[in-house]
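Take a look at the structure set out below.
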Amino acid sequence: MKRILLHLIIYIIAAPALLLLTGCDEVDETDRYVYVKPAAVGRNILIEDYTGQRCVNCPTGNDQLHALQEQYGADTVIVVGFHSGPLAKSVRRVPYALWTQDGEDYYNHWKVENQPSIFIDRVTLNETTTAWPTLVRDELQKPASLKLTAKATAYSAADSLCTFEVYAQGTDGTTTGHVQLWITEDGITDFQYMLDGSVNREYVHNHVYRMAVNGLWGDDFSIKEGEEKTLPYTCKLKGGWKPENMHMVAFVYNDSGVQQVTTCTVIPAEEPTAEEE
Numbered sequence: 276m277k278r279i280l281l282h283l284i285i286y287i288i289a290a291p292a293l294l295l296l297t298g299c300d301e302v303d304e305t306d307r308y309v310y311v312k313p314a315a316v317g318r319n320i321l322i323e324d325y326t327g328q329r330c331v332n333c334p335t336g337n338d339q340l341h342a343l344q345e346q347y348g349a350d351t352v353i354v355v356g357f358h359s360g361p362l363a364k365s366v367r368r369v370p371y372a373l374w375t376q377d378g379e380d381y382y383n384h385w386k387v388e389n390q391p392s393i394f395i396d397r398v399t400l401n402e403t404t405t406a407w408p409t410l411v412r413d414e415l416q417k418p419a420s421l422k423l424t425a426k427a428t429a430y431s432a433a434d435s436l437c438t439f440e441v442y443a444q445g446t447d448g449t450t451t452g453h454v455q456l457w458i459t460e461d462g463i464t465d466f467q468y469m470l471d472g473s474v475n476r477e478y479v480h481n482h483v484y485r486m487a488v489n490g491l492w493g494d495d496f497s498i499k500e501g502e503e504k505t506l507p508y509t510c511k512l513k514g515g516w517k518p519e520n521m522h523m524v525a526f527v528y529n530d531s532g533v534q535q536v537t538t539c540t541v542i543p544a545e546e547p548t549a550e551e552e
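Residue numbers for the sequence shown follow the working numbering, beginning at 276 and rising by one.
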């Protein structure tokens with residue numbers, strides 16, 4: 276009799292647990308998970324600066340761009356300078372050292388007419404330097420549809436070979452278009468015509484476009500909300516360039532403009548030590 280009562284008590288205690296376990300198998304698959312939207316990310320902006328060494332107003336424009344980078348951060352307002360158009364050549368139409376064919380192709384494609392002119396996120400082409408702060412502020416307030424970061428993973432001084440990884444995460448809807456990588460160089464000392472008519476032969480040119488890593492218009496790209504992608508790239512720098520002064524700029528763009536942009540050094544950053552962390 277006592278054994279029967281003991282089994283009965285065990286059954287009464289275990290029955291609810293068994294019901295819970297069997298009941299779990301009957302929950303609809305769509306009810307098991309609650310979708311959590313990726314966190315919103317801040318927007319960086321790309322400024323394509325169309326400039327030339329014979330452009331006497333370009334130093335003023337460069338000062339304005341530098342002030343905007345000081346205000347918002349050089350990783351938020353990312354500038355790439357294209358020495359292109361007639362003012363990047365001599366009066367005899369001989370290109371100066373900082374001129375590139377890529378820059379000329381972009382200059383002609385976007386129908387740039389005056390210098391300095393900036394193209395903000397491939398949405399607004401403007402030559403009025405006093406208007407740039409307002410245009411930049413307004414563009415920074417727009418939402419971003421994806422997160423984008425980049426890092427240099429290796430650099431070989433022996434053959435000037437660089438490797439990078441671009442990490443993308445969709446944060447709002449589906450983004451389609453192209454992913455583009457450029458190489459820029461800072462700290463290039465060369466001549467520049469100035470507004471007062473003088474020629475500054477020790478002028479320092481920054482964020483100068485050097486080359487495209489993946490062609491003039493980049494690669495096809497698409498990412499869904501919540502999706503993550505890591506894209507590897509490799510490029511070889513030309514002789515005479517200073518890799519310690521160089522950056523890689525990566526951005527995603529489509530017919531609506533640049534959707535997000537990021538930058539990193541060409542030489543991998545040193546990992547922080549335990550003490551630094």
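Backbone N, C-alpha and C define an ideal beta-carbon position, used for all residues, glycine too.
Span separating the alpha-carbon of residue i from that of residue j
| i | j | result |
| --- | --- | --- |
| Leu-423 | Glu-414 | 17 angstroms |
| Asp-461 | Glu-323 | 15 angstroms |
| Pro-391 | Ala-349 | 19 angstroms |
| Gly-317 | Gly-448 | 16 angstroms |
| Lys-364 | Ile-353 | 25 angstroms |
| Phe-496 | Lys-417 | 21 angstroms |
| Leu-491 | Ala-432 | 26 angstroms |
| Phe-439 | Leu-421 | 19 angstroms |
| Val-311 | Trp-516 | 46 angstroms |
| Phe-394 | Ser-435 | 31 angstroms |
| Lys-386 | Pro-408 | 23 angstroms |
| His-453 | Lys-513 | 25 angstroms |
| Tyr-430 | Thr-351 | 25 angstroms |
Selection from the options that minimises the alpha carbon distance to residue i
| i | options | result |
| --- | --- | --- |
| Tyr-484 | Thr-335, Tyr-381 and Thr-403 | Tyr-381 |
| Tyr-325 | Gln-416, Asp-447, Phe-357 and Glu-500 | Phe-357 |
| Lys-511 | Arg-329, Ala-315 and Ile-458 | Ile-458 |
| Asp-471 | Cys-330, Tyr-310, Pro-313 and Trp-407 | Cys-330 |
| Ala-443 | Ala-525, Ser-531, Glu-519 and Asp-434 | Ala-525 |
| Tyr-478 | Gly-378, Gln-346 and Asn-337 | Asn-337 |
| Asn-520 | His-480, Val-536, Ser-531 and Pro-370 | His-480 |
| Ala-544 | Asp-530, Asn-529, Arg-367 and Pro-518 | Pro-518 |
| Gly-493 | Asn-529, Trp-385, Gly-515 and Val-474 | Asn-529 |
| Thr-335 | Gly-514, Tyr-468 and Glu-502 | Tyr-468 |
| Gly-378 | Ser-359, Arg-367, Cys-333 and Pro-507 | Ser-359 |
| Thr-375 | Ala-487, Pro-507, Ser-531 and Glu-502 | Ala-487 |
| Asp-396 | Ala-406, Glu-502, Lys-504 and Asn-319 | Asn-319 |
| Ala-425 | Lys-504, Ala-406, His-453 and Arg-367 | Lys-504 |
| Val-474 | Cys-333, Ala-315 and Glu-502 | Cys-333 |
Expected contact under 8 angstroms - CB spacing of residue i and residue j to nearest Å
| i | j | result |
| --- | --- | --- |
| Val-527 | Cys-437 | Their Cβ separation, rounded to whole angstroms, is 20 angstroms, which puts Val-527 and Cys-437 out of contact at 8 angstroms. |
| Val-533 | Leu-340 | Contact doesn't hold; Cβ gap of about 16 angstroms is too wide. |
| Phe-466 | Gln-328 | 6 angstroms |
| Gln-535 | Asn-489 | Not a contact, Cβ separation roughly 16 angstroms. |
Proximity of residue i and residue j at Cβ, strictly below 8 angstroms
| i | j | result |
| --- | --- | --- |
| Thr-509 | His-522 | no |
| Leu-343 | Ile-463 | no |
| Thr-450 | Ile-498 | yes |
| Ala-419 | Thr-446 | yes |
| Val-355 | His-482 | yes |
| Asn-389 | Glu-402 | yes |
| Glu-500 | Pro-361 | no |
| Val-441 | Leu-506 | yes |
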